[in-house]
Amino acid sequence: MKTLDIDQDIAKFTPRQMEAVKALDSGGIKYLLYGGALGGGKSYFLRWYGVRRLIVLYQVYGLSGAVWMLACENYPSLKDRQLSKIGREFPGWLGKMHTDHKEFGRCFILKPRFGGGILCFRNLDDPSKYQSAEFAFIMVDELTKNDYDTFTFLRSRLRWPGLPDVECQFVGGTNPGGIGHGWCKQLWMDKTFGPEWYPPISPEDYRKQFAYIPSKADDNPHLDPGYWAVLNTLPEHLRSAFKDGNWDIFVGQAFSEFNRTTHVVKPMPVPSNAPLYMTFDWGYGAPFS
1048 MKTLDIDQDI AKFTPRQMEA VKALDSGGIK YLLYGGALGG GKSYFLRWYG
1098 VRRLIVLYQV YGLSGAVWML ACENYPSLKD RQLSKIGREF PGWLGKMHTD
1148 HKEFGRCFIL KPRFGGGILC FRNLDDPSKY QSAEFAFIMV DELTKNDYDT
1198 FTFLRSRLRW PGLPDVECQF VGGTNPGGIG HGWCKQLWMD KTFGPEWYPP
1248 ISPEDYRKQF AYIPSKADDN PHLDPGYWAV LNTLPEHLRS AFKDGNWDIF
1298 VGQAFSEFNR TTHVVKPMPV PSNAPLYMTF DWGYGAPFS
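Under the working numbering, the first residue of the sequence shown carries the number 1048, and numbering increases by one thereafter.
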């Protein structure tokens, strides 16, 4: 076991997943989003990077018993995406699964020689349940299933004694679409931040601590070729989002044919006497948007 490399021999990260690992290992990334398309190995990356991270915290910072949250939007999703897989993937020599630990509830605890870190499984149907909790790092599977308030609340739970703030990481794995599509795209793709993220309101400029690692199905060598065939049968706008990871296309948008390459012009100087036009939509569910 002393000769095994956790990245290649145990977790067996793909080259794309290793890009995310290296970004998080850099010491300058606190908020990372991984994914963008179906089949890129997002859920797998989250659970195995979490195990790796617990071991690293023990080796580098001497932190034993560090607690990590792995969350989904509800329990059925948590069970389908993570719990059912962990039971098959995590070897017995690594640690033990607990269905109802007296202190941590449903969790996986690493063995002492790996630092005894605790992987807590949580669902986000009511994030306020964790108001008094502290986590060394947090991971959310399918982050766009959650609203911005959930993200704001969760990152307030990121703190751990002996660990620098930037090392208290938040990692999301997700596809385009969902109620959180807009704010995820705003922060990780468009790099548009509210004033609370940088001075003078914030003493730290957090904008540089965000990183996005795009992933597609062809980054995953373990997929059956038939999976590609299924993705290609989707309607065009869904195919663009779920197969190609196009964040300009999402479920429910008014103009599904929108394409940034086709419909957006390059920046150009605007004459001072040019007329300016604005349009707006009265909408149905609200007075106007």
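Cβ coordinates follow ideal geometry from the N, Cα and C atoms, glycine included.
Model, not experiment: these values are computed from the prediction.
- Taking 8 Å as the upper bound for CB-CB distance, Phe1155 and Met1144 are in contact here, some 5 Å apart.
- For Asp1196, the uninterrupted alpha helix (DSSP H) segment begins and ends at Tyr1195 to Arg1202.
- When the beta-carbon positions are compared, Gly1142 and Leu1130 stay at least 7 Å from each other.
- Shown here for Gln1106: same chain residues with a beta carbon closer than 8 Å to its own, the five before and five after excluded, namely Gly1162 in chain order.
- According to the DSSP assignment, Met1065 belongs to the alpha helix (DSSP H) that extends over Pro1062 to Asp1072.
- Take the alpha-carbon of Asn1170 and the one of Trp1140: they are about 27 Å apart.
- With contacts defined as CB atoms closer than 7 Å, Asp1188 and Ser1090 qualify as a contacting pair.
- Trp1115: not part of any alpha helix (DSSP H); member of the beta strand (DSSP E) spanning Val1114 to Cys1119, first to last residue.
- Residues Val1213, Lys1255 and Gln1256 of the same chain have their beta carbon placed closer than 8 Å to that of Gly1075, with the five preceding and five following residues left out of the count.
- Counting along the chain, Lys1143 sits inside the beta strand (DSSP E) bounded by residues Gly1142 to His1148.
- Remark: three or more beta-carbon pairs, one from each stretch, lie closer than 8 Å, so the stretch 1220-1228 and the stretch 1184-1202 are flagged as touching.
- The stretch 1240-1251 and the stretch 1105-1121 do not touch, with fewer than 3 CB-CB distances between them shorter than 8 Å.
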